[in-house]
Structure formats: C-alpha cells, structure tokens
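Visitor: Last residue of the sequence shown: 196 (the numbering used here), numbering continuous.
Heads up, the beta-carbon is just placed ideally off N, CA and C, and yes, glycines get one too.
All values derive from a computational prediction rather than experimental measurement.
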Amino acid sequence: MMTTIRNFLIIFFLSFFATNRIYASPVTSSMQKLGEGEAYYLGFIKVYDASLYSSKFSGIKDILNAEISKCLHLEYQVDIEKNTL
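#1: Do you know offhand how far K167's Cα is from I156's?
#2: Spell out the partners DSSP gives E178 in its beta bridges.
#3: Quick check on R132: buried or exposed, where buried means 16 or more other Cβ atoms within 10 Å of its Cβ?
#4: According to DSSP, simplified to helix, strand and coil, what is D173?
#5: Are S165 and Q188 touching if we call contact CB-CB under 8 Å?
#6: K193 to I171, Cα distance in whole Å?
#7: Grab the span of the beta strand (DSSP E) containing G154 for me, first residue to last.
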C-alpha cells in the first residue's frame with residue numbers, strides 16, 4: 112500500500128513538473144464532477160481529497176481525449192515541505 116502511494120506521488124509530481132508550462136486553472140461552473148476520492152498514507156493519515164472535473168464527458172473514452180478540458184482538484188490535508196519533493 113505504501114509503495115503504491117509513493118509510486119503514484121512520484122509519477123504524478125514528475126509528470127506535473129516535466130511540462131514546460133505550469134499553471135493552475137480554477138474549476139468553472141461549466142465543468143461537472145466525475146468523481147472524488149481520498150488518499151491516505153499508511154492507511155490512517157489523510158493526505159488529500161481529490162476531485163476530477165470535466166467540461167464534457169460522454170463516456171470512459173473521453174478521459175484520455177486531449178480535446179476535452181479536465182481538472183484534477185487536490186486539497187491537501189498535510190503540509191509538504193518544498194525540499195521533500
């Protein structure tokens with residue numbers, strides 16, 4: 112479990128920081144929530160709440176469609192120091 116979360120966080124941060132442009136766009140009222148979840152460290156320390164929004168969603172094939180806007184909203188419940196990343 113811990114290895115899975117660690118691997119996910121490493122892949123997420125590497126893919127996030129590998130882009131040339133880093134910016135955050137707010138969730139707009141035209142986006143609909145597709146799902147939400149929580150991430151825990153060691154099974155009991157809540158790390159963050161996550162919600163996935165999309166501007167248009169007609170099926171699972173649209174998740175990877177680059178033409179459709181998506182927003183992954185994360186609300187961290189713990190502080191992460193800059194030097195930890």
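Guide: Short version:
#1: 34 Å
#2: DSSP lists no partner for E178.
#3: Here R132 scores only 46 on pLDDT, less than 50, and its place in the model should not be relied on; the value that follows carries that caveat. Exposed.
#4: helix
#5: no
#6: 35 Å
#7: Note, G154: premise wrong, no beta strand (DSSP E); not H, not E.
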